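Here our numbering is used: the first residue of the sequence shown is 5, the next is one more, and so on.
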Amino acid sequence: MLFENHSQHAGSTASSAAAQAHSTEFDLEKELAELHQSSEWPSGNARKVLIRYPDLQVTLRAIKAGARIPEHHNPGRICVQTLRGHIRMHAEGRLFDLPLGKMLTLDRTVTHDVEGVEESAFLLTVAPPGN
């Protein structure tokens, strides 16, 4: 299991319907299973954007053991949270060890890479600049 399910279920009132318009719920186990069936997965890493707003983007990423996401940077601040497995990231001359349950944030434009220590899944949350 990725994590314990803490879903909130809305009732049928008009105010609940309005609240639903401002919320999104995901079954990450299902999303990850679909990601493992994607055409990207045989290459060693795959991704699926779950949420894309002007001020927030959340992407589910999967990476195989030994695979790497090459050095890159993002113009926004990022948060990486390991949901399954174990990844490592190199940034600012440091090694960040991120087994299951660990989280890392990096400031804007920090160059980094990602390595799958074992088959893993993680959430990448990006807050684009100017927001």
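Beta carbons are placed, not taken as given, at the ideal position from N, Cα and C, and that holds for glycine.
Given the structure is predicted, the values throughout are model-derived calculations rather than measurements.
Between the options, which lies nearest to residue i when the distance is taken from Cα to Cα?
i	options	result
Arg-65	Leu-54, Asp-101 and Glu-75	Leu-54
His-26	Met-93, Ile-67, Glu-38 and Tyr-57	Tyr-57
Ala-71	Thr-63, Pro-79, Thr-86 and Ile-91	Ile-91
Phe-30	Gln-41, Lys-52 and Ser-42	Lys-52
Leu-99	Thr-86, Leu-87 and His-116	His-116
Gly-48	Asp-101, Ala-95 and Val-118	Val-118
Glu-123	Thr-129, Ala-131, Thr-109 and Leu-104	Leu-104
Give me the Cα-Cα distance between residue i and residue j, rounded to the nearest whole angstrom.
i	j	result
Gly-89	Asp-111	24 Å
Phe-7	Pro-133	Low confidence applies to Phe-7: its pLDDT is 40, below 50, so where it sits in the model is not reliable enough to give any reading.
Glu-127	Met-93	It is Leu, not Glu, that sits at residue 127 in the sequence shown. Roughly 14 Å separates the two Cα atoms.
Thr-113	Ala-37	31 Å
Val-84	Lys-106	8 Å
Leu-60	Ile-82	10 Å
Ala-69	Ala-125	11 Å
Thr-28	Ala-95	31 Å
Quick one: what's residue i bridged to in DSSP?
i	result
Glu-119	Arg-72 and Arg-92
Val-130	Gln-61 and Ile-82
Arg-112	Arg-112 pairs with nothing; no bridge assigned.
Could you pull the start and end residues of the beta strand (DSSP E) that residue i belongs to?
i	result
Leu-104	Note, Leu-104: premise wrong, no beta strand (DSSP E); not H, not E.
For chain B, check one thing: does any of its Cβ atoms lie closer than 7 Å to the Cβ of residue i?
i	result
Leu-60	Of the protein chains in this structure there is only one, and it is not chain B.
In the DSSP assignment, find the alpha helix (DSSP H) that holds residue i and state where it starts and stops.
i	result
Glu-33	32-40
| What alpha helix (DSSP H) runs, 4 residues minimum, are completely inside the stretch 53-94? | none
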